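Chains as they are written, first to last, in this note's numbering: chain R, 1279 to 1390; chain Z, 44 to 160.
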Amino acid sequence: QKEVEQNSGPLSVPEGAIASLNCTYSDRVSQSFFWYRQYSGKSPELIMSIYSNGDKEDGRFTAQLNKASQYVSLLIRDSQPSDSATYLCAVATRTGANNLFFGTGTRLTVIP
Amino acid sequence: DAGVIQSPRHEVTEMGQEVTLRCKPISGHDYLFWYRQTMMRGLELLIYFNNNVPIDDSGMPEDRFSAKMPNASFSTLKIQPSEPRDSAVYFCASSRRQGRAGANVLTFGAGSRLTVL
């Protein structure tokens, strides 16, 4: 079983809609969760981090964490064509652990 | 800051040849990571260093791969001999510890795309 699993997509949403990206992880003791965005041909960049159960909002982005279900999600409100990218979920198994396990990513396309 | 600098950006070589990838981390970052990305397996951690010392190399696929960090501003990943299955994008990333995030707020370089024929 992979440590971090994501639906590879592609996920297509119309401009202005909410995009919902999901991720599950296998290690119950995982403590830190991150979403990285990767444009085609570019390198990943961090967009959100979350450590506690519940929601964390940053502009149009909301990360949601449910440790009991071992589930983390990313919502993008008012999706824009510039949000079209691959979104990588990453998990650190212990607080302060310095090696991230990445999912294979979900490719999002926002249709104008 | 120029960010994490990797070279070469593209490398095409023949099976059996030695490949050396280079990385300059961000000044002040004391963690350096080497990742490999393929369509099938996604991003895989190969090895990471803290203060120039290798901490976890469990992701290095086999003895053909080696990595060094002789000083705080330079690291190499070497593949000898190279094989077609090594074809991938190799990313270097650096970070420093930041609260609950630990050292996991990574700044990635642009990557080195390796093709082994």
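Even for Gly, the Cβ is constructed at its ideal location relative to N, Cα and C.
Predicted model only: the values in this text are computed from it and were never measured.
T63 of chain Z CB to nearest heavy atom of the ligand MG below 8 angstroms: This structure does not include the ligand MG; it has no bound ligands of any sort.
C-beta atoms of T81 of chain Z and S155 of chain Z nearer than 9 angstroms: No, they are not a contact pair.
Buried or exposed by the 16-neighbour rule on C-beta atoms within 10 Å, applied to P1322 of chain R: Counting Cβ neighbours within 10 Å, P1322 of chain R comes out buried, since at least 16 surround it.
Cut-off 6 angstroms between Cβ atoms - residues of its own chain near L160 of chain Z, not counting five sequence neighbours on either side: Within the same chain, L160 of chain Z has close Cβ partners E57.
Three-state class that DSSP yields for P1292 of chain R in the structure shown: Under the three-state reduction of DSSP, P1292 of chain R is assigned to strand.
Residue range of the unbroken beta strand (DSSP E) whose run includes G1381 of chain R: Looking at the DSSP string, G1381 of chain R is not in any beta strand (DSSP E), and its letter there is neither H nor E.
Inter-residue CB distance, T150 of chain Z and S138 of chain Z (contact presumed, cutoff 8 angstroms): For a cut-off of 8 angstroms, the C-beta gap from T150 of chain Z to S138 of chain Z is around 7 angstroms, short enough to register as a contact.
Collapsed DSSP secondary structure at R107 of chain Z in the structure displayed: Shown here, R107 of chain Z sits in coil according to DSSP, grouped into three states, outside any helix or strand.
Partners in chain Z for L1343 of chain R, counting only beta-carbon separations shorter than 8 angstroms: Those do not exist, as L1343 of chain R stays about 13 angstroms from chain Z at its closest Cβ, beyond 8 angstroms.
Residues of its chain near Q1342 of chain R, where Cβ-Cβ distance is below 6 angstroms and the 5 sequence neighbours each way are ignored: For Q1342 of chain R, where only same-chain residues beyond five positions count, the Cβ hits under 6 angstroms are D1333 and S1351.
D1356 of chain R - DSSP class collapsed to helix/strand/coil: In the structure shown, the three-state DSSP call for D1356 of chain R is coil.
D1361 of chain R in three-state terms, based on DSSP: Shown here, D1361 of chain R sits in a helix according to DSSP, grouped into three states.
A45 of chain Z classed as buried or exposed, judged by whether at least 16 other C-beta atoms fall within 10 angstroms: With fewer than 16 other Cβ atoms within 10 Å, it is exposed.
Start and end residues, beta strand (DSSP E) containing I69 of chain Z: From DSSP, I69 of chain Z is part of no beta strand (DSSP E); its letter is neither H nor E.
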